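Residue numbers (this note's numbering): 64 to 311. Ideal Cβ placement from N, Cα and C applies to all residues, glycine included. In this text the structure is predicted, and so the values were computed from the model without any measurement. Input: a single structure, listed below in C-alpha cells.
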C-alpha cells in the first residue's frame, strides 16, 4: 500500500509541476501569436479551447469501477487514486496562463497587477495542496481513513451511524459519511468543518461498493477485526451480494 501511495504521489507532483509550465508556455505562445497577427493569430485560441476540452472531459468522466484492494500487512482494504488528470492542475495551468496574459497587458495599471498576484497566489495554493496529499481511502479495524500520505480525516467506526453514505454533488463526486459522533473524528488542519466527504470520483473503487462496505462495517462490528484479509473480503462480497439480492 505504501508503494502505491508513493507512486501516486509522484504522479500527482509531476502534474503539479507540468501544469503551471504548460500554462506559462501557453501564455507566451498566445502573446507571440497575438503580436504576429494574421493566420498565426488563431493560435491564441489554443489555450482556451484546450481548457474547455479538458474541463468537459473532467465533468463527464465516469467514476471508478474497481474492487477494493487488500493489504494484509497493513490489515486494510483500500482504494488508491485513479490516474486521470483532475481539475486542480488544469485550473492551476489556466491561472498561470491568465497571469502571463494579464502581466503582458498590465503596463502601469495597478488593478491588472493585482489580478496577476491573485492568479499566482491561487495557483500556488492549488499546487501546494496537490503536492502534499492525494485522495486515498482505507478501511481498517479502527475505522475509515481518508487522504494520504497524511490523512485528511480519520473516522472511527464508533463515530459512524448505520445509514448508507450518500453522494452529493454533480455525478456523485463525493460520499458524505454519516457522522453521529463528530467529537471522535480526527482531522487535518484547524477549525470545525461540516461532515466528512470522500472524493470518491478520484478513486479507482466503485462508489456504490465503497458506500455499502462502509455501512456494513459500521453496522457489523463483529467483522471489523478481520478487515485486511482475503478471507474477510470474500465474506464481505458474499454478504453484500446477498443483501443486494434480498436474501440476507
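For residue i, the three-state DSSP class (helix, strand or coil)
i: residue 259; result: coil
i: residue 108; result: helix
i: residue 232; result: Annotation note: pLDDT 48 at residue 232 (below 50); position unreliable, coordinate value reported separately. Looking at residue 232 - three-state DSSP - the assignment turns out to be coil, as it is neither helix nor strand.
i: residue 209; result: strand
i: residue 250; result: strand
i: residue 195; result: helix
i: residue 275; result: helix
i: residue 147; result: coil
i: residue 129; result: strand
i: residue 189; result: helix
i: residue 137; result: coil
i: residue 381; result: Outside the displayed range of the chain (64 to 311) lies residue 381, so it cannot be described from this structure.
i: residue 283; result: coil
i: residue 156; result: helix
i: residue 290; result: coil
i: residue 237; result: coil
i: residue 172; result: coil
Separation of residue j from residue i, as counted between CA atoms
i: residue 244; j: residue 224; result: 8 Å
i: residue 81; j: residue 163; result: 16 Å
i: residue 78; j: residue 152; result: 6 Å
i: residue 148; j: residue 118; result: 10 Å
i: residue 66; j: residue 177; result: 42 Å
i: residue 169; j: residue 104; result: 20 Å
i: residue 277; j: residue 249; result: 17 Å
i: residue 282; j: residue 116; result: 43 Å
i: residue 266; j: residue 71; result: 11 Å
i: residue 264; j: residue 146; result: 11 Å
i: residue 143; j: residue 269; result: 12 Å
Start and end residues, beta strand (DSSP E) containing residue i
i: residue 219; result: 216-219
i: residue 134; result: 132-134
Close-in-space but distant-in-sequence residues of the same chain around residue i (CB under 6 Å, 5 per side omitted)
i: residue 208; result: 201, 214 and 217
i: residue 159; result: 83, 86, 87 and 186
Cβ neighbours of residue i in the same chain (closer than 7 Å, five flanking residues each side left out)
i: residue 232; result: At residue 232 the pLDDT is 48, less than 50, meaning the model places this residue with poor confidence and gives no usable figure here.
i: residue 64; result: 134, 137, 139 and 141
Residues that residue i bridges to, as DSSP identifies them
i: residue 142; result: 200
i: residue 223; result: 242
Residue i - containing alpha helix (DSSP H), residue span
i: residue 265; result: Careful: residue 265 lies outside any alpha helix (DSSP H) and carries neither H nor E.
i: residue 98; result: 65-99
i: residue 306; result: 293-307
Contact set for residue i: own chain, Cβ-Cβ below 8 Å, skip 5 residues either direction
i: residue 73; result: none
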